[in-house]
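When we follow this note's numbering, the leftmost residue of the sequence shown carries the number 41, and every step to the right adds one.
Note that the Cβ used here is the ideal one computed from N, Cα and C, for glycine as well.
Owing to the predicted nature of the structure, the values given are computational and were not obtained by experimental measurement.
A short worksheet on the structure shown next.
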Amino acid sequence: MSVEQVVYGALSGLVSNRVHANVFPQVPSVPITPAILFTFAGNIVTQDICGAGTDDVADTRVQIDGYSTTFDTMRALRLQILAAMAALNPPFIWQGDNPVAPYDPDLKLHRCSMDFVQYPSST
């Protein structure tokens, strides 16, 4: 199973399958919420004594954005995302003390943005 499939599977139940990679669908122009958008921000392939590693042992960084029409719903979704990502094996580790929680005036939605890294090279 690819890392994309793992992330989608961990998050899809939180928002009735409204999990999207990279961009929201163009229709409707404002996404149905709550919704989650995830973007892979990089891989670090770890070399070992046998040579270069492969994707299955690469440390993977992903940004996850949760969207909702209300601030309280967005905060609740943030906690669910944190729990779902920590429950994966190996877990995705949250890379921050405070998530970014701006309001998106174009979409008129509250957003919570969090960065995670999975370290399979350490397992």
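- Distance from the CA atom of V43 to the CA atom of P65, rounded to whole angstroms, is 21 Å.
- L128 and D146 have their C-alpha atoms spaced approximately 33 Å apart.
- Distances from the CA of F80 to each of C152, M41, D105 were compared; the closest alpha carbon is that of D105.
- In this structure, V47 lies near M125, with their beta-carbon atoms less than 9 Å apart.
- Exposure of I72 is indicated by the presence of fewer than 16 other C-beta atoms within 10 angstroms of its C-beta.
- With 16 or more other CB atoms across the displayed protein chains lying within 10 angstroms of its CB, A50 is buried.
- For Q135, the closest C-alpha among the options R101, F78, S69, G53 is that of R101.
- Note: G106 is bridge-paired with I76, C152 in the DSSP secondary-structure output.
- In the three-state reduction of the DSSP assignment, Q158 falls in the strand class.
- Distance from the CA of Y107 to the CA of D155, rounded to the nearest whole angstrom, comes to 15 Å.
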